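Student:
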């Protein structure tokens, strides 16, 4: 910088001539050599620049520990004709005050990148995102990566090329609920890396892609058999939970039924006449499309209709046959009368008359069958006395459609006519008609006897017992009348919450309430010295207030203190 001196005299300032001060030292670098990545034996340049003071400044290059040429004026550019391996280099800057040494740089040889690693599946909800970490780049920036995806044991290899970064990609075109393997290779300007290790994964489930095919039925008076073709693994797109069978009668959709197999046996074939059936397959995600509706008709009504001109010919033929038949009938009757009575029907007058007196008359009216009583059953007197006051005449019950079916019978919706002429919707447990053993009948009535004494909001209570007389059978069928549970059994209710047409969420509080209701019911049974012996969600009923009632005491047993 500059410096000078000043003098003041009689309010005047006098300045000396200006002079310069220079701080001298070793050179200061303005540009140091940087690392270089190059192909083998490819030429490249290195740059170095430094300043004083004092000047001049000279630059000397060192390459691989060997001096390159003589010192040269700054700035300096060193031309390197090429190397075939990595090498270190630096420059020295020299002036009158000394020498400065730059940073040490490296000339790298470009090569193939290393294989990617740490492959991961980040998301598997709606899409599948694959991420990976690139390996050593080979001193050359990665530009693209190749992703290979193959479905295990099935399907061709799929290959996609993506730009990087970022080092992640959304995989598309994959089948649901299938096993896949994926690997990745990345490329730089030299070439591709080896492939990474295989990553195995399973795609998430989805709803079935198609509806079950070939829905057929076999209708008889006793039952309706429905069958359909199983879906293939590719069509299911998940693990099959159940087939949902939906039927509509009179334009009103009935409660759907769930089946594990590809067939169903529904008792009471007559009630399904003119009903339409559809079936759908369900996974844990939901249910797939419905099959085309199939109308249930008797076998005689399934004959296909012919062409219109065939119907015209058939009707004309029937008309001619009817006229000819009537003429033949009239002629035959006249000949028969003439043969039997001769001219008895002829009179001299213009009209003929016949007079007769009836010898005897008959009536086809028959008396109604008597109501069945407990005396007609071969059961012990103690059980008979216990159920006598809850016996309901069969005529007061009107059975409706089936609600469920078990090993020993079925449960049907019914209407019970009360003494005050009002009606109550009930559920009726009916023993199978092919059970004729008095022991099985007594076991059914024992279950009713247990329920008669129950009085708890979480234990189902007996309304009554009725007896259905069977034509040609000595013993009637017992029917146990129970309260109607709007939401059915707990097992089906929980399934429908996920697989129904309109799935709904059940809060944790609701599920805990279900558990508490069952626990209270079982505690009450324990206080009555009753062990259930068949506790399951299918044997718990859900009423309209969403309270659970323990039911189905077919395997229950009364215990005493000595049984412990």
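In full-length UniProt numbering, the protein residues as written are 1 to 564. From the three backbone atoms N, C-alpha and C, an ideal C-beta is built for every residue, glycine too. No experiment lies behind these values; they were computed from the predicted model shown.
In or out: residue 388 buried (at least 16 other Cβ within 10 Å) or exposed?
Tutor: Translated into the one-based positions of the chain shown, residue 388 becomes position 388. Counting Cβ neighbours within 10 Å, residue 388 comes out exposed, since fewer than 16 surround it.
Student: Let me know if residue 429 comes out buried or exposed under the rule of 16 or more other beta-carbons within 10 Å of its beta-carbon.
Tutor: For the purposes of this step, residue 429 is identified with residue 429 of the chain shown, where counting begins at 1. Flag for residue 429 reads buried.
Student: Alpha carbon to alpha carbon, how far is residue 22 from residue 164? Give it in angstroms, no decimals.
Tutor: To locate residue 164, count along the chain shown from 1; it is residue 164. To locate residue 22, count along the chain shown from 1; it is residue 22. Whole-angstrom Cα-Cα distance: 54 Å.
Student: Drop a sphere of 10 angstroms on the beta-carbon of residue 214, count the other beta-carbons inside from all chains shown, and report buried for 16 or more, exposed for fewer.
Tutor: Reading the chain shown from its first residue, position 214 is the one you call residue 214. Burial call: exposed.
Student: Roughly how far, in whole angstroms, is the beta-carbon of residue 48 from the beta-carbon of residue 76, given that I think they are within contact range, below 8 Å?
Tutor: For the purposes of this step, residue 48 is taken as the residue at position 48 of the chain shown. For the purposes of this step, residue 76 is taken as the residue at position 76 of the chain shown. Yes, they are in contact, since the Cβ atoms of residue 48 and residue 76 sit about 5 Å apart, within 8 Å.
Student: Buried or exposed for residue 144, going by 16 or more other Cβ atoms inside 10 Å?
Tutor: Here residue 144 refers to the residue found at position 144 of the chain shown. Burial state of residue 144 is exposed, judged by a 10 Å Cβ sphere holding fewer than 16 other Cβ atoms.
Student: Enumerate in chain order the residues of its own chain whose CB-to-CB distance from residue 106 is below 8 Å, with the five nearest sequence positions on each side excluded.
Tutor: The residue labelled residue 106 in the question sits at position 106 within the chain shown. Within the same chain, Cβ atoms closer than 8 Å to the Cβ of residue 106 are found at 35, 36, 86, 87, 88 and 89, the five residues on either side in sequence being excluded.
Student: Within its chain, find whatever has a CB closer than 7 Å to the CB of residue 409; leave out the 5 residues flanking it on each side and keep chain order.
Tutor: Taking the first residue of the chain shown as 1, we reach residue 409 at position 409. These residues qualify, in order along the chain: 429, 430, 431 and 432.
Student: By DSSP, does residue 270 sit in helix, in strand, or in coil?
Tutor: Translated into positions along the chain shown, residue 270 becomes position 270. Residue state, collapsed to three classes: helix.
Student: From which residue to which residue does the alpha helix (DSSP H) around residue 124 run?
Tutor: Taking the chain shown and counting its residues from 1, the one referred to as residue 124 is at position 124. Per DSSP, residue 124 belongs to no alpha helix (DSSP H) and is neither H nor E.
Student: Based on Cα-Cα distance, which residue from 532, 452, 169 and 318 lies nearest to residue 481?
Tutor: The sequence position of residue 481 within the chain shown is 481, counting from 1. Checking every option, the nearest Cα to that of residue 481 belongs to 452.
Student: In whole angstroms, give me the CA-to-CA distance for residue 80 and residue 168.
Tutor: Locating residue 80 in the chain shown gives position 80, counting from the first residue. Locating residue 168 in the chain shown gives position 168, counting from the first residue. Using only the alpha carbons, I get a separation of about 39 Å.
Student: Can you tell me which residues form a DSSP beta bridge with residue 277?
Tutor: Sequence index remark: in the chain shown, residue 277 carries index 277 (1-based). Answer is 247 and 294.
Student: Leaving out the 5 sequence neighbours to the left and right, which residues in its chain are closer than 7 Å to residue 71 when beta-carbon positions are compared?
Tutor: Position 71 of the chain shown, counting from 1, holds the residue named residue 71. Cβ neighbours of residue 71 beyond the five flanking positions: 58, 59, 60 and 94.
Student: Three or more beta-carbon pairs under 8 Å between the region 541-552 and the region 508-518, yes or no?
Tutor: yes
Student: Could you spell out the range, first to last residue, of the beta strand (DSSP E) harbouring residue 400?
Tutor: Looking up residue 400 in the chain shown gives position 400. Residues 397-405.
Student: Determine whether the beta carbon atoms of residue 542 and residue 485 lie at a separation below 8 Å.
Tutor: Here residue 542 corresponds to residue number 542 of the chain shown, with the count starting at 1. Here residue 485 corresponds to residue number 485 of the chain shown, with the count starting at 1. The Cβ atoms of residue 542 and residue 485 sit closer than 8 Å to each other.
Student: Per DSSP, which one or two residues make a beta bridge with residue 477?
Tutor: Mapped onto the chain shown, residue 477 falls at position 477. Residue 477 is bridged to 468.
Student: Can you find the residues in the same chain that come closer than 7 Å, C-beta to C-beta, to residue 285, ignoring five residues on each side of it along the sequence?
Tutor: Reading the chain shown from its first residue, position 285 is the one you call residue 285. Excluding sequence neighbours, residue 285 sits near 205, 206, 207 and 238.
Student: Is residue 432 helix, strand or coil by DSSP?
Tutor: The residue given as residue 432 occupies position 432 in the chain shown. In the structure shown, residue 432 sits in coil (DSSP, three-state: anything other than H, G, I, E or B).
Student: Below 8 Å between beta carbons: does that hold for residue 209 and residue 235?
Tutor: Counting from one through the chain shown, the residue named residue 209 turns up at place 209. Counting from one through the chain shown, the residue named residue 235 turns up at place 235. Cβ atoms of residue 209 and residue 235: closer than 8 Å.
Student: For residue 417, which residues of its own chain have a beta-carbon under 7 Å away from its beta-carbon, when the five flanking residues on both sides are left out?
Tutor: Working through the chain shown from its first residue, we reach residue 417 at position 417. Answer for residue 417: 396 and 423, listed in chain order.
Student: Answer yes if the region 523-531 comes into contact with the region 460-479, meaning at least three C-beta pairs across the two stretches below 8 Å, and no otherwise.
Tutor: Judged by Cβ distances under 8 Å, the region 460-479 makes no contact with the region 523-531, as fewer than three pairs qualify.
Student: Could you round the C-beta distance between residue 119 and residue 199 to whole angstroms and report it? I think they count as a contact, below 8 Å.
Tutor: Indexing the chain shown from 1 puts residue 119 at position 119. Indexing the chain shown from 1 puts residue 199 at position 199. Contact between residue 119 and residue 199 holds, with the beta-carbon distance rounding to 4 Å and staying under 8 Å.
Student: Which residues in the same chain as residue 369 place their Cβ atom closer than 8 Å to its Cβ, once the five residues preceding and following it in sequence are excluded?
Tutor: Counting from 1 along the chain shown, the entry for residue 369 is found at position 369. Because residue 369 carries a pLDDT of 47, less than 50, the predicted location of this residue cannot be relied on, and no value is offered for it.
Student: Checking 8 Å against the spacing of the C-beta atoms, do residue 217 and residue 324 come in under that value?
Tutor: As a first step, residue 217 is located in the chain shown; it is residue number 217 there, counting from the start. As a first step, residue 324 is located in the chain shown; it is residue number 324 there, counting from the start. It is not a contact, given that the beta carbons lie outside the stated cut-off.
Student: Can you look up residue 6 in the DSSP assignment and give me helix, strand or coil?
Tutor: One-based indexing of the chain shown puts residue 6 at position 6. DSSP places residue 6 in strand when its eight states are reduced to three.
Student: For residue 136, collect the residues of the same chain with a Cβ closer than 7 Å to its Cβ; drop the 5 residues on either side in sequence, then sort them by chain order.
Tutor: As a first step, residue 136 must be located in the chain shown, where it is residue number 136. Once the five neighbours on either side are set aside, the close Cβ partners of residue 136 are 113 and 114.
Student: Measuring only the C-alpha atoms, how far is residue 230 from residue 212?
Tutor: Residue mapping note: residue 230 aligns to position 230 of the chain shown, counting from 1. Residue mapping note: residue 212 aligns to position 212 of the chain shown, counting from 1. Answer to the nearest angstrom: the Cα atoms are 7 Å apart.
Student: Roughly how many angstroms lie between the CA atoms of residue 446 and residue 383, to the nearest whole one?
Tutor: Working through the chain shown from its first residue, we reach residue 446 at position 446. Working through the chain shown from its first residue, we reach residue 383 at position 383. Their Cα atoms are separated by approximately 7 Å.
Student: Name the residue from 7, 138 and 177 whose alpha carbon lies nearest to the alpha carbon of residue 39.
Tutor: Taking the chain shown and counting its residues from 1, the one referred to as residue 39 is at position 39. Closest option to residue 39, Cα to Cα, is 138.
Student: If you draw a straight line from the alpha carbon of residue 280 to that of residue 147, how long is it in whole angstroms?
Tutor: For the purposes of this step, residue 280 is identified with residue 280 of the chain shown, where counting begins at 1. For the purposes of this step, residue 147 is identified with residue 147 of the chain shown, where counting begins at 1. Roughly 37 Å separates the two Cα atoms.
Student: Can you give the Cα-Cα distance for residue 194 and residue 116, rounded to whole angstroms?
Tutor: Position 194 of the chain shown holds residue 194. Position 116 of the chain shown holds residue 116. Cα to Cα, residue 194 sits roughly 8 Å from residue 116.
Student: Indicate the three-state DSSP secondary structure (helix, strand or coil) for residue 49 in the structure shown.
Tutor: One-based indexing of the chain shown puts residue 49 at position 49. If DSSP states are grouped into helix, strand and coil, residue 49 belongs with the strands.
Student: Tell me the DSSP secondary structure of residue 452 in three-state form.
Tutor: Sequence index remark: in the chain shown, residue 452 carries index 452 (1-based). DSSP places residue 452 in the helix class (H, G or I) of the three-state scheme.
Student: Between which residues of its own chain and residue 420 is the CB-CB distance below 6 Å, once the five residues before and five after are set aside?
Tutor: Walking along the chain shown from the start, residue 420 turns up at place 420. So the list is empty, once near-sequence residues are dropped.
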